[in-house]
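*Asks:* Residue numbers (the UniProt record's numbering): 1 to 299.
We put the beta carbon where it would ideally sit given N, CA and C, even for glycine.
1) How should residue 220 be labelled, buried or exposed, when 16 other C-beta atoms within 10 angstroms of its C-beta is the threshold for buried?
2) Below 7 Å between beta carbons: does that hold for residue 284 and residue 11?
3) Using only alpha-carbon positions, find the residue among 296, 255, 225, 251 that is nearest to residue 270.
4) Looking only at its own chain, which residues have a Cβ that is under 7 Å from the Cβ of residue 232, when we skip the five neighbours before and after it?
5) What does the Cβ neighbour count give for residue 199, buried or exposed, with the cut at 16 atoms within 10 Å?
6) Please state whether DSSP places residue 229 in a helix, a strand or coil.
7) Is the separation between the beta-carbon of residue 68 and that of residue 56 shorter than 7 Å?
8) Can you check whether the CB of residue 110 is closer than 7 Å to the CB of residue 122?
9) What is the DSSP secondary structure of residue 33, counted as helix, strand or coil?
10) Does DSSP put residue 136 in a helix, in a strand, or in coil?
11) When DSSP labels each residue in this structure, what does residue 11 get in the three-state scheme?
12) Compare the C-alpha of residue 21 against each of 170, 70, 36, 85 and name the closest.
13) Any chance the region 92-107 sits against the region 60-67, with 3 or more Cβ pairs inside 8 Å?
14) Looking at the structure shown, is residue 254 part of a helix, part of a strand, or coil, going by DSSP?
15) Of all the options 16, 74, 13, 35, which has the alpha carbon lying nearest to the alpha carbon of residue 280?
16) Relative to the C-alpha of residue 105, which residue among 256, 42, 89, 127 is closest?
17) Short of 6 Å in beta carbon distance, which residues of its chain neighbour residue 14, apart from the five on each side in sequence? Order them along the chain.
18) Taking 7 Å as the cut-off, decide whether the C-beta atoms of residue 196 and residue 217 are in contact.
19) So for residue 64, helix, strand or coil by DSSP?
20) Under three-state DSSP, which class holds residue 299?
21) Could you tell me the alpha carbon to alpha carbon distance between residue 185 and residue 282, rounded to whole angstroms?
22) Can the beta-carbon of residue 92 be found closer than 7 Å to that of residue 145?
23) Pull up the distance between the alpha-carbon of residue 135 and that of residue 172, whole angstroms please.
24) Quick check on DSSP: helix, strand or coil for residue 204?
25) Excluding five sequence neighbours on each side, which residues of the same chain lie with their C-beta closer than 6 Å to the C-beta of residue 19?
Below, the structure is given as structure tokens:
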């Protein structure tokens, strides 16, 4: 028997789109430079020192004035807008849908396996994992965004339409590593958030969480997600930031990385990601969790 898909949760689909979309726009406006810095640090293969930090982050504008330096952190903003807003709508709006499907079709299985309380949290985490796997359809936009941030020479003056026509399936390069990163990463994000709301705040209905409770739960989810996904995220980023004609496999990237930089390089950029990308995820996730129930009162 196939699972029922026409389920209806407490929030409408419109509320989920509006809430998650608004969080994506706000995140983009505030945190795009932070994302650029993290991507450039992850893509850097040399030893990072205080002296080399500015050339790594600002590239050709390392010796420019401060305004020019800041503007250099906004490459690929159009691609970032297309990707980030769509991704947040899908991720934060899609996870509740997957959770509705699981609750309507498999609630008894989760309850029998994990118990009533833990089963509810496992459904949240599993719904997050399924959402993360499906996120691979947005990979071309992510790949273009990363290339604009760390390897703009790959575009050679071509526009987005021409790139899609000429490159085709190469824009999905690294899709397996993306799935491998997203599945546990999204599981940890939504799972840790659910655990925090349940055990720390004793919430029966997670959608009734206050802004402060959503904020704390988002911190737990973001740190867990970033840490779990860090090694695979580094491999994925290095595959995607290469030139379009490059056909280097993920395992080749892993072998060269470990041989030349050591196993610890798999977690390169983890600290800055937690310190600066973590707040980005906390910001957008808190906003989405707070706005979706708010919009549901009106649409």
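*Replies:* In terms of the structure at hand:
1) By one-based count along the chain shown, residue 220 stands at place 220. By the 10 Å Cβ count, residue 220 comes out buried.
2) For the purposes of this step, residue 284 is identified with residue 284 of the chain shown, where counting begins at 1. For the purposes of this step, residue 11 is identified with residue 11 of the chain shown, where counting begins at 1. No, the pair does not count as a contact, with Cβ atoms beyond the cut-off.
3) The sequence position of residue 270 within the chain shown is 270, counting from 1. Minimum Cα distance to residue 270 is reached at 225.
4) Residue mapping note: residue 232 aligns to position 232 of the chain shown, counting from 1. Closer than 7 Å at the Cβ level, and outside the excluded window around residue 232, lie 177, 180, 181.
5) As a working mapping, residue 199 is identified with position 199 in the chain shown. With fewer than 16 other Cβ atoms within 10 Å, it is exposed.
6) On the chain shown, residue 229 is found 229 positions in, with the first residue counted as 1. Note: residue 229 maps to helix in three-state DSSP.
7) Working through the chain shown from its first residue, we reach residue 68 at position 68. Working through the chain shown from its first residue, we reach residue 56 at position 56. Not a contact, by the Cβ cut-off of 7 Å.
8) The sequence position of residue 122 within the chain shown is 122, counting from 1. The sequence position of residue 110 within the chain shown is 110, counting from 1. Cβ distance < 7 Å, so residue 122 and residue 110 count as in contact.
9) In the chain shown, counting from the first residue as 1, residue 33 sits at position 33. DSSP places residue 33 in helix when its eight states are reduced to three.
10) Taking the first residue of the chain shown as 1, we reach residue 136 at position 136. In this structure, residue 136 counts as helix in the three-state DSSP scheme.
11) Looking up residue 11 in the chain shown gives position 11. Note: residue 11 maps to coil in three-state DSSP.
12) Counting from 1 along the chain shown, the entry for residue 21 is found at position 21. Nearest of 170, 70, 36, 85 to residue 21, Cα basis: 85.
13) no
14) Working through the chain shown from its first residue, we reach residue 254 at position 254. Helix at residue 254.
15) Against the chain shown, residue 280 aligns to sequence position 280. It is 35.
16) For the purposes of this step, residue 105 is taken as residue 105 along the chain shown, with counting starting at 1. Among 256, 42, 89, 127, the Cα nearest to that of residue 105 is on 127.
17) Working through the chain shown from its first residue, we reach residue 14 at position 14. Contacts found: 299.
18) As a working mapping, residue 196 is identified with position 196 in the chain shown. As a working mapping, residue 217 is identified with position 217 in the chain shown. Going by C-beta atoms, residue 196 is nearer than 7 Å to residue 217.
19) As a first step, residue 64 must be located in the chain shown, where it is residue number 64. In the structure shown, residue 64 sits in coil (DSSP, three-state: anything other than H, G, I, E or B).
20) Taking the chain shown and counting its residues from 1, the one referred to as residue 299 is at position 299. In this structure, residue 299 counts as coil in the three-state DSSP scheme.
21) Position 185 of the chain shown holds residue 185. Position 282 of the chain shown holds residue 282. Distance between the alpha carbons of residue 185 and residue 282: 14 Å.
22) Against the chain shown, residue 92 aligns to sequence position 92. Against the chain shown, residue 145 aligns to sequence position 145. Not in contact: residue 92 and residue 145 (Cβ atoms no closer than 7 Å).
23) The residue given as residue 135 occupies position 135 in the chain shown. The residue given as residue 172 occupies position 172 in the chain shown. Near 12 Å, if we compare the C-alpha coordinates of residue 172 and residue 135.
24) Translated into positions along the chain shown, residue 204 becomes position 204. Residue state, collapsed to three classes: coil.
25) Walking along the chain shown from the start, residue 19 turns up at place 19. For residue 19, where only same-chain residues beyond five positions count, the Cβ hits under 6 Å are 288, 291, 292, 295.
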